[in-house]
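Below: one structure, written as structure tokens.
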Amino acid sequence: MIVCVCRRVSDRDIERHAKGGCASFDELQMDTGVATCCGNCADCARETFESARAGAVPVHFLPIRVALAA
4 MIVCVCRRVS
14 DRDIERHAKG
24 GCASFDELQM
34 DTGVATCCGN
44 CADCARETFE
54 SARAGAVPVH
64 FLPIRVALAA
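Set out below in structure tokens:
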């Protein structure tokens, strides 16, 4: 699943970095650019990163729905 549309970062990319020794979410942002553009993915990216670091099964999130003004 694509977590960060702006930077094309998937949950698998985040998990790979977390399991590969990435020490912090800040480091993940420097390595991948995740959650550095519009920021809509920050919560999902952070939770995916923390789950992968803890060895938990990743939680998949529903897409964000944006209400457009009429």
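Sequential numbering from 4 applies to the sequence shown in my numbering.
Ideal Cβ positions, reconstructed from N, Cα and C, are used throughout, including at glycine.
Check: Buried or exposed for C7, please, with buried defined as at least 16 other CB atoms from any protein chain shown within 10 angstroms of its CB.; Outcome: buried
Check: Going residue by residue through the segment 5-58, where are the continuous alpha helix (DSSP H) segments of at least 4 residues, counting only ones entirely within it?; Outcome: 14-22, 28-35, 45-57
Check: Is the beta carbon of F52 less than 8 Å from the beta carbon of I5?; Outcome: no
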